[in-house]
Each structure stands twice: as C-alpha cells, then as structure tokens.
Amino acid sequence: MRLRTRSALASFPLVLALALTGCGSEEKDGGVATVNGGAQKGGGDGGTSGMSPHDMAVKFAECMRKNGVPMDDPQPGQGIRMKVDKGKKEAMDKAMEACRQYNPQANADPEQKAAAEERGRAFAACMRKNGVEKFPDPAPGQQGIRITPEIGKDPDLETAQRKCQDTLGGPGGPAKTGGDRK
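In this note's numbering, the protein residues as written are 495 to 676.
What follows is the structure, given as structure tokens:
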C-alpha cells in the first residue's frame, strides 16, 4: 500500500487521509489538503461532548457521506479517507461545514491544537531531513499538513512520509495517510 497525502486541487482527484482523531480543511484557495493527528475530545454542538475520538470520527464520516463526500467509516488506529474528485472542493467545503460538530480537529481545545501544530513542525523537519528539502513548516494556526503539487511530485516524498508518519500521531496512535500520487 502506498502512503500519500494529496492536494485537493481541481486538476486531479484527491485521496485525503485524515487521522482518526484530527481532520479538516481550512484552506480558502482550494490548493491544499490537510492531515493531522492527536487525541481530541468531543465538544461543540450536537451532543458530541464525551464521545470518543473514534466515535466522533465515525459520525463525521457518516455526516460527510450524507453531504455528498465519499468516505469510508474509519477503522480504529487507521485513520479515515475522503476522496474529492476534480472540481469538487466547494462540495467538500460545504460538507465540512455541515459536519463541523463531528470534526475532532475543529472541536480541539487550544492545548490540543498547539500539540498538533508542534507535531506538524516536527513532521516537516523530518520530511526535510529525509530528502524533501522544500517541505514547508506549517503556518501558525494551520490545521494539519499541507502538500502542494510541487512537494507532491518530489521523488523522495513517499519514502520520507513512511519514515515520518509516526511523528503526526498523538496519544491515539500514529496518523495514517493514504492515496496514490498522480
């Protein structure tokens, strides 16, 4: 199985793997996908308070499907996947907003968000150390890891990602990413 995080560009399909306990897309320009890990607590609207990260992720996947985004139910410790086809970013954004109450990352407290940002910086440093020299640090406040088309074409990306993927994991285990590079 190839491990990949892909860009949510209108020019090609996206397979976005999200850690069970952290997922989301905050990018407004439609150019990137995100992945994030770490244990999150339920919170926010809709009675999610007290839900386990896995239960919240299952509800998130169900909600995304109901809102037109293909997504399998997550398996414990293996993350979840969303596939967004060419030109479907607007639909994904609309579904993400509709399902926000079940999005573990959107419901993270400030300490959890800070820990996720630190894991993102460590992941970026690991990627650079393992041959993807142009891999950027996440911007302050950025949710998850963003892989641009340029980074996605780097021949060292797959190997580096395999070496670095555990960096994204939180107490709930390593973040898993998936999809094929186009």
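The C-beta atom is built at its ideal place from N, Cα and C for all residues, glycine as well.
Under DSSP, Gln636 shares a beta bridge with no residue. From the listed residues Asp603, Gly562 and Ala608, the smallest Cα separation to Asp587 is found for Gly562. Going by C-alpha positions, Gln599 is about 8 Å away from Lys607. Straight across, the Cα-Cα distance linking Ile641 with Phe629 is about 8 Å. Of the other Cβ atoms in all chains shown, fewer than 16 fall within 10 Å of the Cβ of Gly544; this residue is therefore exposed.
At the C-beta level, Ala618 and Asp631 come within 8 Å of one another. The alpha carbon of Lys623 has as its nearest neighbour, out of Gln655, Asn601 and Ala633, the alpha carbon of Gln655.
By the CB criterion at 8 Å, Asp650 and Gly625 fall inside the cutoff. Pro547 sits buried, since 16 or more C-beta atoms from the chains shown fall within 10 Å of its C-beta.
For Val626, there is no enclosing alpha helix (DSSP H), as DSSP gives it neither H nor E.
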